[in-house]
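These protein sequence lines map, in sequence, to chains A and B.
According to the numbering used here, numbering within the first sequence proceeds without interruption in unit steps and concludes at 183.
According to the numbering used here, numbering within the second sequence proceeds without interruption in unit steps and concludes at 394.
We put the beta carbon where it would ideally sit given N, CA and C, even for glycine.
Remember, predicted model here, so these are calculated numbers, not experimental data.
Everything on this sheet refers to the single structure shown next.
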Amino acid sequence: MCFGMIEIRWHGRGGQGAVTATELLAKAAIKQGLYAQAFAMFGPERRGSPVVAFNRIDKEPIEVRSHVYEPDVIIVLDPLIIKIIDVTAGLKPKGTLIINSKSSPKELSELFPNFRIAVVDATSIALQRLNVPITNTVMLGAFAKAKSVVDISNIEKVVLERFDQLNVEALREAFDKTIVLEV
Amino acid sequence: MQIIEPLTLSGNLAIAYAVKQLDVDVVAAYPITPQTTMVEKISEYISKGELKANLLLVESEHSAISACLSAAASGARVFTSSSSQGLLLMHEILFITSALRFPVVMAIANRAVSAPINIWNDHGDIMPQRDTGWIQLFVESAQEAYDKVIQAYRIAEDDKVRLPIMINIDGIVLSHTYEPVYPISDSDVASFSPWNLYSPRLDPDNPITIGAFCYPDYYFETRYQSLKALNDSLPIISNVDKEFGELSGRSYGIVSPFKCDDADIILISMGSISMTVRAAVKKLREKGEKVGMLSLKLFRPFPSKELIRYIKNAKAIGIIDRAFSPGAVAGPVFTEVTSALYLSKMDIPSVDFFLGLGGRDVKMEDIKDIFNILKRIVKTGLIERHSYYIGLRG
């Protein structure tokens with residue numbers, strides 16, 4: 001595995017677990033022997049309002065403490081949020097956009113040209129497997145498929161420590177079902 | 001030393017973990033963002049029986065610090081934490097804690113003060129506590145926060161120190177960022193910072209008075225003793241850090257210079273921002289620019305001599321201030337540094353840079369802008385202004 005520092009921005013809504021997802025991803029990366037940060041733009045968030053959270057992952061110790069302005073990866077937990085927020089703002093050219101959506105990769109690539117698109121219907125998986133429309137753990141599976149940075153086995157371990165086997169199965173299903181469309 | 005796998009912890013949780021390992025007896029606190037998750041975690045440790053301590057959830061921060069002071073007077077190892085308005089409400093009791101020489105340890109998730117209300121990071125809450133007589137440490141990471149809490153009890157309870165300590169972690173930026181933290185084992189913590197509390201303490205069988213009334217004939221001498229204790233604590237703070245390095249491989253210094261030896265320009269900073277400054281210095285060094293930086297880890301007692309050693313050959317010095325001292329000659333950190341320079345008979349052009357107030361993000365570019373201003377001063381020999389407000393609109 002060869003990469004420089006990877007910066008990730010998560011978009012979700014209060015209650016969907018974006019902040020927890022960043023924490024779990026950092027944990028999985030650190031378990032793998034990498035360095036990682038997980039942080040969020042904290043404010044007086046309310047359930048349902050848009051939230052943003054970040055990860056940095058690197059092989060070397062991370063020396064930056066500012067916000068992420070030009071992410072390599074964007075992960076969108078909520079299918080409707082793309083209508084109200086410019087989710088690809090600052091995304092590096094040919095960067096990866098991982099979306100929870102029922103739309104096809106082709107439809108999404110028309111909306112977001114020049115980016116690598118990874119898509120999975122995470123809400124349906126979450127409803128079916130977890131009985132709640134909370135997609136954070138599910139989207140960790142999509143991330144593992146879209147970017148070979150953190151092994152899915154490490155993600156599964158931290159999700160199991162924090163939640164349960166159902167969440168592990170949900171993220172595994174998302175891993176299998178995520179379709180990646182290269183630029 | 002036992003090798004332990006890294007944990008993924010936020011600054012707040014790293015501190016809570018250290019507090020658990022330190023087997024603290026009494027924790028008294030009142031919740032305030034961004035400190036809250038620290039005490040929530042401690043509360044969880046206590047409820048699970050992992051820490052045997054009395055958790056006093058009091059009605060205000062004034063009561064929290066008063067409870068800590070009193071518990072310390074009875075010989076307990078105590079911990080508290082606060083932020084912003086909460087810390088301001090403690091202000092009165094902070095003087096008393098240090099003057100009575102109680103080794104209270106407090107973690108502060110630094111946050112802006114009102115008005116307007118703002119929950120994000122700057123040093124507006126800690127600067128008004130400069131003269132309270134506490135030892136004041138600043139850290140750059142969750143790891144350092146963890147390490148410093150362990151060191152803090154060793155320092156505070158040292159028979160030659162017996163003073164309270166504040167560990168400052170930048171709110172949100174450190175308190176809520178998860179990153180790798182390598183803990184040391186419980187037994188290493190216990191042997192590095194063994195419980196060392198002794199009389200005078202409150203004891204029902206041997207009643208004494210603590211903090212009694214004092215006439216003009218002794219007040220001066222009593223206050224001087226606290227002052228002297230604080231000044232004399234500096235080498236002990238430094239040695240504890242070195243010893244901790246021998247144990248854990250991690251030592252930070254009371255000042256942490258980077259590329260200062262041959263630097264024409266040196267930027268001085270405190271807290272988490274120092275990491276971004278260091279990264280900027282690395283980038284500029286790659287381009288051949290003779291720049292350096294120094295992170296102040298200790299603010300009280302102020303490490304004048306140690307600081308001067310590293311900055312004395314600079315041609316220009318920048319000082320970052322993350323709080324105002326309204327109406328003063330300059331910002332709080334600038335005033336300290338330039339006083340230290342003056343007393344060492346050094347006349348090095350120095351400029352104060354205010355930035356990152358109320359959580360305004362500090363980018364690498366902001367730091368590069370600062371170095372450009374300092375470069376111009378070295379080149380022209382002219383100081384246009386003594387203070388800059390980086391990123392201020394309007």
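Query                                                                                                                           : Result
Same chain, Cβ closer than 7 Å to residue 90(A), five either side skipped, listed in chain order                                : 69, 70, 71
Contact set between residue 363(B) and chain A, taken where Cβ atoms lie within less than 7 Å                                   : 66
Buried versus exposed, by CB contacts within 10 Å (16 or more), residue 312(B)                                                  : exposed
Sequence-distant residues of the same chain with beta carbon closer than 8 Å to residue 46(A), five excluded per side           : 14
Residue 225(B), enclosing beta strand (DSSP E) - first and last residue                                                         : Element bounds for residue 225(B): not the beta strand (DSSP E) but the alpha helix (DSSP H), 216 to 248.
Where the alpha helix (DSSP H) containing residue 171(A) begins and where it ends                                               : 165 to 177
Exposure label - residue 131(A); buried when at least 16 CB within 10 Å                                                         : exposed
Per-residue DSSP class, three states only, for residue 309(B)                                                                   : helix
Continuous alpha helix (DSSP H) stretch holding residue 65(B): start and end                                                    : 61 to 73
Residue ranges of each alpha helix (DSSP H) within the stretch 60 to 142 of chain A, 4 or longer                                : 105 to 111, 122 to 130
Neighbourhood of residue 127(A) by C-beta distance below 7 Å, restricted to the same chain and skipping five residues each side : 133
Test: residue 92(A) CB closer than 7 Å to a CB of chain B                                                                       : no
Contact the stretch 134 to 145 of chain A vs the stretch 158 to 177 of chain A: 3+ CB pairs below 8 Å                           : yes
Length of the line joining the Cα atoms of residue 101(A) and residue 118(A)                                                    : 10 Å
Near-chain A residues of the stretch 272 to 292 of chain B (beta-carbon distance less than 8 Å), N- to C-terminal order         : 272, 273, 275, 276, 278, 279, 282
Anticipated Cβ contact below 8 Å, residue 23(A) with residue 56(A), distance rounded                                            : At roughly 13 Å, the Cβ-Cβ gap does not stay under 8 Å, so residue 23(A) and residue 56(A) are not in contact.
Reduced DSSP category for residue 186(B) - H, G, I as helix; E, B as strand; rest coil                                          : helix
Residue 261(B) - DSSP class collapsed to helix/strand/coil                                                                      : coil
Beta carbon of residue 103(B) nearer than 7 Å to that of residue 157(B)                                                         : yes
Neighbouring residues, chain A, relative to residue 6(B) (Cβ below 8 Å)                                                         : 30
Of the residues 61(A), 58(A), 87(A), the one placed nearest residue 50(A), counting alpha carbons only                          : 87(A)
Residue-level contact to chain A via CB, residue 177(B), 7 Å cutoff                                                             : yes
Residue closest to residue 367(B), alpha-carbon to alpha-carbon, out of 56(B), 265(B), 97(B), 25(B)                             : 265(B)
Nearest-angstrom Cβ-Cβ length linking residue 30(B) and residue 86(B), presumed shorter than 8 Å                                : 6 Å
Same chain only: Cβ atoms within 6 Å of residue 145(B), ignoring 5 sequence neighbours per side                                 : 11, 14, 15, 139, 169
CA-to-CA distance, residue 25(B) to residue 340(B), given in whole angstroms                                                    : 39 Å
Reference residue 338(B); option with closest CA among 302(B), 57(B), 276(B), 359(B)                                            : 302(B)
7 Å Cβ shell around residue 299(B) - same chain, five flanking residues per side excluded                                       : 136, 138, 270
Straight-line Cα distance separating residue 137(A) from residue 11(A)                                                          : 14 Å
Residue 1(A) burial status per 10 Å Cβ neighbour count (16 or more: buried)                                                     : Legend: pLDDT at residue 1(A) = 48, less than 50; position of this residue unreliable, no value from coordinates given.
From 179(B), 188(B), 389(B), residue whose alpha carbon lies closest to that of residue 249(B)                                  : 188(B)
Under 7 Å between C-beta atoms of residue 263(B) and residue 290(B)                                                             : yes
Three-state secondary structure assigned by DSSP to residue 1(A)                                                                : Note that residue 1(A) has pLDDT 48, beneath the 50 cutoff, so the model's placement of it is unreliable and no number is given.
Same chain, Cβ closer than 7 Å to residue 88(B), neighbours up to 5 away in sequence not counted                                : 113, 125, 128
Residue-chain proximity (residue 60(A), chain B), Cβ-Cβ < 7 Å                                                                   : no
Residue of 193(B), 245(B), 80(B) minimising C-alpha distance to residue 106(B)                                                  : 80(B)
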